[in-house]
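Asker: This is the structure I want to talk about, given as structure tokens.
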Amino acid sequence: PPPPLATPLPATPPPVATPIAKPRAPIAKPRVATQAPRLTQETPKAAAPTAVEVADLYGAVGRSLGQLQQAKGSDATIDLWPRFRHIRINDGIATPTARADTRRVLQHLKRDVDARR
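The working numbering runs 447 ahead of the 1-based position in the sequence shown.
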């Protein structure tokens with residue numbers, strides 16, 4: 448038989464152009480480890496105390512000071528009374544900022560009184 452005039456076509460034609468590479472996920476850069484911010488021991492700021500709350504705390508600290516003096520004598524409270532007397536309660540309850548500051552001072556004083564019991 449005579450040779451074929453054309454070569455038979457392959458089952459799948461060869462590609463006309465080279466295939467485009469599929470995009471890859473971006474390469475993640477290594478992250479530098481950073482130190483987390485230091486947590487403080489402070490409690491979150493609460494709402495400013497009311498004048499009644501500060502006045503009640505003032506009275507309670509004064510009574511605690513008196514009881515400590517009765518129980519342990521004047522030497523136990525000699526440095527605490529001036530701190531207590533330094534507080535001007537009328538000024539200390541006038542504004543929200545003053546109430547917060549006065550409460551903080553009274554709480555520190557109460558802590559010191561309780562530590563000496």
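Cβ coordinates follow ideal geometry from the N, Cα and C atoms, glycine included.
The structure displayed is predicted, hence computed values, not measured ones.
1) Where are the alpha helix (DSSP H) runs, 4 residues long or more, that stay fully inside the region 499 to 526, in chain order?
2) Report yes or no: do three or more beta-carbon pairs, one from the region 525 to 537 and one from the region 509 to 516, lie closer than 8 angstroms?
3) If you follow the alpha helix (DSSP H) that T497 is in, where does it begin and where does it stop?
4) In terms of alpha-carbon separation, which member of V479, R471, A472, R563 lies closest to G520?
5) With a threshold of 7 angstroms on Cβ separation, who are the neighbours of V552 within its own chain once the five nearest residues in sequence on each side are excluded?
6) Going by C-alpha distance, which of T524, L504, D522, D559 is nearest D548?
7) Hey, how far is the Cα of D561 from the Cα of V508?
8) For the candidate residues R550, Q482, D559, whose alpha-carbon lies nearest to that of A498?
9) Determine the extent of the alpha helix (DSSP H) in which R546 is found, giving its start and end residues.
10) Considering I536, what are the terminal residues of the alpha helix (DSSP H) in which it resides?
Answerer: Taking the coordinates as given:
1) none
2) yes
3) Start at 1 with the first residue of the sequence shown, and residue 497 comes out as number 50. Element bounds for T497: n/a, residue is neither H nor E.
4) Position 73 of the sequence shown holds residue 520. When only C-alpha atoms are compared, the closest one is R563.
5) For the purposes of this step, residue 552 is taken as the residue at position 105 of the sequence shown. I534.
6) Sequence index remark: in the sequence shown, residue 548 carries index 101 (1-based). Nearest of T524, L504, D522, D559 to D548, Cα basis: L504.
7) Taking the sequence shown and counting its residues from 1, the one referred to as residue 561 is at position 114. Taking the sequence shown and counting its residues from 1, the one referred to as residue 508 is at position 61. Their backbone Cα atoms lie some 10 angstroms apart in a straight line.
8) Taking the sequence shown and counting its residues from 1, the one referred to as residue 498 is at position 51. Of the candidates R550, Q482, D559, the one whose C-alpha sits nearest the C-alpha of A498 is R550.
9) One-based indexing of the sequence shown puts residue 546 at position 99. Per DSSP, the continuous alpha helix (DSSP H) segment holding R546 begins and ends at 543 to 562.
10) Numbered from 1 along the sequence shown, position 89 holds the residue referred to as residue 536. 536 to 539 is the extent of the alpha helix (DSSP H) around I536.
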